[in-house]
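Those sequence lines, one after another, are chains A and B.
Numbering-wise (our numbering), the first sequence opens with residue 771 and increments by one.
Numbering-wise (our numbering), the second sequence opens with residue 771 and increments by one.
2 protein chains.
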Amino acid sequence: MAEALELSTTEQKILEAAKKVFIQKGLDGARLDEIANEAGINKALLHYYFKSKEKLFEKIFDEMIGKLLPDFSAIIESQNPIEEKIEFFVHKYIDFVSENPQLPLFMVTEINRNPQRMKDLLGHTQNFIILQRFAFQMITEMQVGRIKSFNPLHLMLNIMSLCIFPIISKPVIQAILQLNEADLNIILQQRKEEVSRFIREALRP
Amino acid sequence: MAEALELSTTEQKILEAAKKVFIQKGLDGARLDEIANEAGINKALLHYYFKSKEKLFEKIFDEMIGKLLPDFSAIIESQNPIEEKIEFFVHKYIDFVSENPQLPLFMVTEINRNPQRMKDLLGHTQNFIILQRFAFQMITEMQVGRIKSFNPLHLMLNIMSLCIFPIISKPVIQAILQLNEADLNIILQQRKEEVSRFIREALRP
DNA sequence: GGCATTATTAACTTTTTAGTTAAACTTTCT
DNA sequence: AGAAAGTTTAACTAAAAAGTTAATAATGCC
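Have a look at this one:
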């Protein structure tokens, strides 16, 4: 019996549909009928493959949490000077959240609504260790005076904030500035350079 | 007939309860029974005062949207140098979101789920104009060389991001860093100074 | 006091949505 | 071919939540 070795097409279709609907509407707002429609199958199949709405959601959530922080090991491990690393990180990160614009808000909302879920899941991901190493590198470079000294925790919060928050609040910005989708996307692309420069200037010794 | 001139106690109790539950659980997650319980009244009274869940929600939402940006006119209008204004703004803003920690995520989530709602509501608030004036001041100070030149839109997005995002992602940070509520709050208070300094250094000519 | 208006409730109906079942269809194995 | 296991569906039930109603209690008015 080779069960579970290979995902059936139906199972994948369900997961994709569920991902789409859950991310768009959240756990509470999502409807199983909508997921079934989206996947082009009967609702009963959802229960056949995944016992319940909750279980299906957890599957999606667990899979997503690994993607919250993409794999930046290559950047971190490289021997480039820290300013370049940060610049590269910012570019890559803004690209990443631009390609997955709904991911941050989804994760933040659902973790907020059920913090325990995330606590239970910690350790399943190595991303924290990578961030820790990054922080350690920062301290080293601060000590040799290549960049100005900041609390590394806050510095990393700053970098993350600058990259993620405008994506999360896109609809708010859009409404306030009365911009169309295309114009706003241009602004968000500009940010790669603006944010890089902002951080660079702040860190310049 | 003096109707609607003075809010009845019951109406206020309902609004307060609804605010609490809606902010905590969102439109989809909130239950009318829970709101009624919280307000200490019968569920039918909700319909007596506000026709439907949707209508009640809109009332709350409309009231909240004005609070998204508190009134900073005093700071903006003062004659202090721009660095001091920004520093004061950051302190006040972090205080504000710390006191209303659930507000930003609530607004962002619901605006994201129904962008039209916010677009319909624009103009009801004067906050945008204040921000515009702030941006204009920045440009002036950049021209006379008191602060380094940045795109003012991005600069304001940066300031907002640094103040708001860590509050929004509090549960995520808490889970990752394995901190208790008290310790995390200390870190968020530290941010007032860290963020001020970060921006100050970035802007220093 | 008693009548009219407003406020409040318990119990009910309706609607929505998650979850189940039994039967039909497919695939696979011998 | 045909039995067994796996897959899929239409139609159903159960549960939860929104919304309604008709009767009761409180309030203000003459």
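A virtual CB, placed ideally from N, CA and C, is assigned to each residue, including glycine.
Keep in mind it's a predicted model, so treat the numbers as computed, not measured.
Cα-Cα separation, residue i to residue j
i: residue 843(B); j: residue 900(B); result: 6 Å
i: residue 958(A); j: residue 819(A); result: 39 Å
i: residue 815(B); j: residue 871(A); result: 40 Å
i: residue 827(A); j: residue 839(A); result: 20 Å
i: residue 809(A); j: residue 783(B); result: 44 Å
i: residue 773(B); j: residue 781(B); result: A caution first: residue 773(B) carries a pLDDT of 34, below 50, which makes its placement in the model unreliable, though a value can still be read off. In a straight line, the C-alpha of residue 773(B) is about 13 Å away from that of residue 781(B).
i: residue 785(A); j: residue 830(A); result: 7 Å
i: residue 956(B); j: residue 861(B); result: 14 Å
i: residue 978(B); j: residue 788(A); result: Outside the shown range of chain B (771 to 975) lies residue 978(B), about which nothing can therefore be said.
i: residue 804(B); j: residue 798(A); result: 15 Å
i: residue 851(B); j: residue 849(A); result: 41 Å
i: residue 953(A); j: residue 845(A); result: 30 Å
i: residue 812(B); j: residue 802(B); result: 10 Å
i: residue 975(B); j: residue 892(A); result: 43 Å
i: residue 907(B); j: residue 859(B); result: 14 Å
i: residue 937(B); j: residue 902(B); result: 24 Å
i: residue 841(A); j: residue 930(A); result: 15 Å
i: residue 909(B); j: residue 972(B); result: 15 Å
i: residue 918(A); j: residue 967(A); result: 15 Å
i: residue 920(A); j: residue 853(B); result: 19 Å
i: residue 928(B); j: residue 824(B); result: 34 Å
Opening and closing residue of the alpha helix (DSSP H) in which residue i lies
i: residue 860(B); result: 852 to 869
i: residue 784(B); result: 779 to 799
i: residue 944(A); result: 940 to 947
i: residue 882(A); result: 873 to 883
i: residue 965(A); result: 951 to 973
i: residue 843(A); result: 843 to 847
i: residue 762(B); result: Any question about residue 762(B) goes unanswered here, given that chain B covers just 771 to 975.
i: residue 805(A); result: 802 to 809
Pick from the options that is closest to residue i, judged by C-alpha positions
i: residue 887(A); options: 792(B), 918(B) and 942(B); result: 942(B)
i: residue 857(A); options: 909(A), 932(A) and 947(A); result: 932(A)
i: residue 806(B); options: 817(B), 797(B) and 946(B); result: 817(B)
i: residue 911(B); options: 881(B), 891(B) and 855(B); result: 855(B)
i: residue 916(A); options: 954(A), 892(A) and 970(A); result: 970(A)
i: residue 945(A); options: 846(B), 822(B), 833(B) and 884(B); result: 884(B)
i: residue 833(B); options: 876(B), 802(B), 799(B) and 811(B); result: 876(B)
i: residue 863(A); options: 965(A), 975(A) and 972(A); result: 965(A)
i: residue 947(A); options: 779(B), 889(B) and 935(B); result: 889(B)
i: residue 822(A); options: 973(A), 835(A), 905(A) and 800(A); result: 800(A)
i: residue 961(A); options: 873(A), 920(A) and 935(A); result: 935(A)
i: residue 835(B); options: 779(B), 906(B), 909(B) and 898(B); result: 898(B)
i: residue 837(B); options: 874(B), 824(B) and 859(B); result: 874(B)
Any residues in the region 871 to 890 of chain B with a beta carbon nearer than 8 Å to a beta carbon of chain A? Which ones, in chain order?
Hits within the stretch, in order: 875, 877, 878, 879, 881, 882, 883, 885, 888 and 889.
Mind listing which residues of the region 936 to 947 of chain B have their C-beta closer than 9 Å to chain A's C-betas, in chain order?
Residues 936, 938, 939, 940, 941, 942, 943, 944, 945, 946 and 947.
Using Cβ-Cβ distances below 8 Å, what residues of the region 950 to 969 of chain B are close to chain A?
957, 960, 961, 964, 965, 967, 968 and 969: these are the residues of the region 950 to 969 of chain B whose beta carbon lies less than 8 Å from some beta carbon of chain A, given in chain order.
Chain A contacts from the region 821 to 838 of chain B (Cβ-Cβ distance under 9 Å)
Listed in sequence order: 838.
Are three or more beta carbon pairs between the region 865 to 872 of chain A and the region 915 to 928 of chain A nearer than 8 Å?
At 8 Å Cβ cutoff, the stretches do not touch.
Taking beta-carbon pairs under 9 Å, can you tell me which members of the region 785 to 805 of chain A lie near chain B?
Cβ contacts with chain B: 794, 795, 796, 797, 798, 799 and 800.
Along the region 910 to 937 of chain A, where does the CB come closer than 9 Å to a CB of chain B? Name the residues.
Residues 918, 920, 921, 923, 924, 925, 927, 928, 930, 931, 932, 933, 934, 935 and 936.
Please list, in chain order, the residues of the region 846 to 863 of chain B that have any C-beta partner in chain A closer than 9 Å.
In summary, no residue of the region 846 to 863 of chain B has a CB separated from any CB of chain A by less than 9 Å.
Would the region 874 to 889 of chain A and the region 786 to 799 of chain A be scored as touching if the rule is three or more Cβ pairs under 8 Å?
Three or more Cβ pairs closer than 8 Å define a contact, and the region 874 to 889 of chain A meets that threshold against the region 786 to 799 of chain A.
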